[in-house]
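The sequence shown begins at 968 in my numbering and counts up by one.
Every residue, glycine too, gets a C-beta built ideally from N, C-alpha and C.
Structure first, then comments.
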Amino acid sequence: MYKGSDLSNPSKICNMKSLILIGFLTFFSSCRLFEVSENTPCPYKVKYTGHNPLIPLTIHPQKINYNIGDTIHISTQFKDSVYDFSTEETFLMKNFPFDPGVKLWRFENDSTWENGFRVNDYTIDSIYFQRFDANDDYVGVLYVDFVEKENKYFFEMDIVLKKKGRYIFQFEDYIYRYPGDYYDEKIKPYTFEGQCNLGIRPVAMIQGDDHLTDFVSELVHIDKKIFYDFYTSLKFKNIYDSPYGSGDWPWEFIGSYGFEVK
């Protein structure tokens, strides 16, 4: 406690002011008043609703028509300095909890379909295989894992074609679609340098021609009859010109690829 005689000493007055200032700074800091606000504007131009780390998918051979017995090789390899499709920036994202799933729709006609993995063969190394859920997303989902090594993410698999038909292959990261606790557990704790106060939703995109304009009738059926206007396409800038209606998530963001087996 300062005595009256202490206040007459200039050096002690300065010391007291310093202590008071330190006290105020400690108090306000404990109240988080000097932290960056969650409402701080994002310094990047955001094209979509959040951060969209890009998963680039390669199909080989890439063509619209295949024959029975042909093998389609699907792979991805990308650096852990990941390109964000929404902000058009690159961010270091090590150990990101990607949770990709693969779907294969086989159409007999515009409205009759089945799970393509049930009538064709696929091969995948055990390091990538997670599980197959025949009931997920109506058509069934083959959940897979990425391998992260040497500052890159890797994945590959083969599909051996056994049955004629028109096919829609899709590759989607499911982490964003899980409700509540699972997303909170996996995504919310994850941070990276340069991150804005936005959600994180990875997008998988086919590199090269995805042939989607040749499979509009099948995609319309999936969109309107199964997912009820959930999807859209980057190929249609005006929603009123799109055959997919009011959906807001592009087919191109879930690695959609159309092909026919003859």
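Alpha carbon of residue i to alpha carbon of residue j, nearest angstrom
| i | j | result |
| --- | --- | --- |
| L1109 | Q1097 | 8 Å |
| F1203 | S1213 | 12 Å |
| N1034 | Q1162 | 46 Å |
| G1175 | K1030 | 10 Å |
| I1039 | P1064 | 27 Å |
| E1227 | L1071 | 12 Å |
| P1210 | W1080 | 20 Å |
| Y1198 | S1223 | 11 Å |
| R999 | D1215 | Residue placement at R999 is flagged as unreliable, the pLDDT there being 33, under the threshold of 50; the coordinate-derived value follows with that caveat. For R999 and D1215, the distance between alpha carbons rounds to 37 Å. |
| Y938 | N1019 | Outside the displayed range of the chain (968 to 1229) lies residue 938, so it cannot be described from this structure. |
| G990 | G1017 | Low confidence applies to G990: its pLDDT is 44, below 50, so where it sits in the model is not reliable enough to give any reading. |
| I1022 | F1113 | 11 Å |
| L986 | K1014 | Confidence at L986 is low in this model, with a pLDDT of 40, below 50, so its placement is unreliable and the value that follows should be read with caution. When rounded, the distance between both Cα atoms is 49 Å. |
| Q1137 | P1010 | 33 Å |
| D1148 | D1181 | 39 Å |
| R1179 | S1078 | The displayed chain sequence assigns Leu, not Arg, to residue 1179. Straight-line Cα distance between these residues: approximately 17 Å. |
| R1085 | D1103 | 14 Å |
| P1217 | Y1150 | 21 Å |
| D1196 | F1074 | 19 Å |
Range covered by the beta strand (DSSP E) that runs through residue i
| i | result |
| --- | --- |
| S1048 | S1048 to D1051 |
| D1181 | From DSSP, D1181 is part of no beta strand (DSSP E); its letter is neither H nor E. |
| R1133 | G1132 to D1140 |
| F1113 | From DSSP, F1113 is part of no beta strand (DSSP E); its letter is neither H nor E. |
| V1127 | K1119 to V1127 |
| I1173 | V1170 to I1173 |
| Y1224 | Y1224 to V1228 |
Short Cβ contact (8 Å threshold) for residue i with residue j
| i | j | result |
| --- | --- | --- |
| T1057 | K1012 | no |
| K1131 | Q1044 | no |
| F1052 | V1187 | no |
| G1225 | Y1134 | yes |
| I1173 | L1024 | yes |
| M1060 | F1159 | yes |
| I1142 | K1129 | no |
| N1087 | A1101 | no |
| N1076 | K1229 | no |
| V1111 | I1091 | yes |
Where the alpha helix (DSSP H) through residue i begins and ends
| i | result |
| --- | --- |
| D1148 | D1148 to K1153 |
Inter-residue CB distance, residue i and residue j (contact presumed, cutoff 8 Å)
| i | j | result |
| --- | --- | --- |
| L1201 | E1185 | Their Cβ separation, rounded to whole angstroms, is 18 Å, which puts L1201 and E1185 out of contact at 8 Å. |
| E1117 | N1062 | Their Cβ separation, rounded to whole angstroms, is 14 Å, which puts E1117 and N1062 out of contact at 8 Å. |
| I1193 | Y1105 | 6 Å |
| G1036 | E1139 | About 28 Å separates the two Cβ atoms, so there is no contact after all. |
Discussion item. Report the start-end ranges of each alpha helix (DSSP H) in the stretch 1021–1100 that is 4 residues or longer and not cut off at the edges.
Written reply: Qualifying alpha helix (DSSP H) stretches, in chain order: 1083–1086.
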